[in-house]
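Undergrad: Below: one structure in structure tokens.
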Amino acid sequence: MEPFVTDQLNYSYNWVGLDLFEAVLGKTVGLVGVGQIGRVAAKLLVAFGVDVVYYKRNRFSPEEEQELGVRYLPFDELLAESHCVSLHNRFTPETEKMMGAREFALMPEGSFFVNTARGRLVDEDALMAALHSGHLAGAALDVFWWEPILPDSPLRDTPNLLMTPHTAGTPAGDNVALELGSAGRVIRRRSGAAE
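Under the working numbering, the letters of the sequence shown match residues 20 to 214, in that order.
Right, here's the structure in full:
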């Protein structure tokens with residue numbers, strides 16, 4: 020397959036020909052929740068020249084911030100300053116629908132949103148509205164309010180939304196075990212055996 024050249028001068032390629040293709044160099048990415056996964060994300064983003072800002076309940080020490088190459092912002096400021104917001108925090112009653120219409124409206128016009136944490140952190144109706152209106156340029160979800168995602172979910176018809184079936188957090192070697200376990204459940208169910 021021939022690459023689709025998007026920036027011949029800098030040799031940037033869009034291998035699959037996506038319309039939504041934007042370099043991250045020099046952009047600001049806001050991480051909400053920075054545990055183990057958020058730390059890895061921060062290190063990778065910093066390595067690609069991204070300005071990484073973060074929000075979490077317990078702010079890092081200045082030494083930790085310097086080591087990670089991140090800077091703290093209050094939640095609303097993070098939303099307003101980020102080209103992309105990525106959720107990495109746990110679900111609790113306090114974090115349910117923490118991303119709603121108000122929060123998406125605070126994000127810059129043309130920004131992006133990613134959720135690989137928990138589906139119930141996001142008001143999906145508000146996300147769909149922000150995508151349909153064009154306020155958000157795109158979003159990627161690996162987790163959903165209902166999993167597996169329902170066949171008639173309006174998310175399936177939402178423009179500029181990339182969805183994966185809760186696979187982002189699975190270490191590469193674990194996929195085989197998950198697939199074998201799923202296949203075993205299908206075989207048992209089809210043969211009438213109890214789960």
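Ideal Cβ placement from N, Cα and C applies to all residues, glycine included.
How far does the beta strand (DSSP E) with L146 in it extend, from its first residue to its last?
TA: Unbroken run through L146 is the alpha helix (DSSP H), 143-152; no beta strand (DSSP E).
Undergrad: Tell me the residue span of the beta strand (DSSP E) that contains A42.
TA: No beta strand (DSSP E) contains A42, which DSSP labels as neither H nor E.
Undergrad: Can you list, in chain order, the residues of its chain whose CB lies under 6 Å from that of V65, leaving out five sequence neighbours each side?
TA: V71, G88
Undergrad: Does the distance from the CB of N108 to the CB of G52 come in under 7 Å?
TA: yes
Undergrad: Rounded to whole angstroms, what is the Cα-Cα separation between R90 and Y73?
TA: 6 Å
Undergrad: In whole angstroms, give me the CA-to-CA distance for V5 and T47.
TA: This structure gives no information on residue 5, because the portion of the chain shown stretches from 20 to 214.
Undergrad: I'd like the list of long-range same chain contacts for L39, defined as Cβ closer than 7 Å, with 5 residues on each side in sequence excluded.
TA: The predicted model places L39 with a pLDDT of 47, which falls under 50 and marks its position as unreliable, so this point remains unresolved.
Undergrad: When you compare each of P173, A42, M147, H102 to L50 by their alpha carbons, which one comes out closest?
TA: Looking at the Cα atoms, H102 is the closest of the given residues.
Undergrad: Between F163 and the rest of its own chain, which residues show a CB-CB distance below 6 Å, the 5 nearest in sequence each way excluded?
TA: Here the set comprises G138.
Undergrad: Using a 10 Å radius around the Cβ and a threshold of 16 neighbouring Cβ atoms, would you call A42 buried or exposed?
TA: exposed
Undergrad: Leaving out five residues on either side along the sequence, give the residues of the same chain with a beta carbon under 6 Å from the beta carbon of A99.
TA: L125
Undergrad: According to the Cβ coordinates, are H185 and E166 closer than 7 Å?
TA: Yes. Within cutoff.
Undergrad: Please name the residue, chosen from L44, A145, F110, S172, that lies closest to E122 on a Cα-to-Cα basis.
TA: Considering only alpha carbons, the answer is A145.
Undergrad: T183 and D161: beta carbons closer than 7 Å?
TA: yes
Undergrad: Among all the DSSP beta bridges, which residues are the ones paired with R133?
TA: Note that residue 133 corresponds to Val in the displayed sequence, not to Arg. According to DSSP, V133 bridges with S105, A159.
Undergrad: Under 7 Å, do V104 and F79 count as touching if we go by C-beta distance?
TA: Result no, Cβ atoms of V104 and F79 do not sit closer than 7 Å.
Undergrad: Using a Cβ-Cβ distance under 7 Å, would E82 count as near chain C?
TA: Structure shown: chain C not included; a single protein chain is present.
Undergrad: Distance check for S172 and L92, CA to CA, integer angstroms please.
TA: 34 Å
Undergrad: Starting from V53, follow the alpha helix (DSSP H) in both directions and report where the run begins and ends.
TA: Counting along the chain, V53 falls outside any alpha helix (DSSP H), and DSSP gives it neither H nor E.
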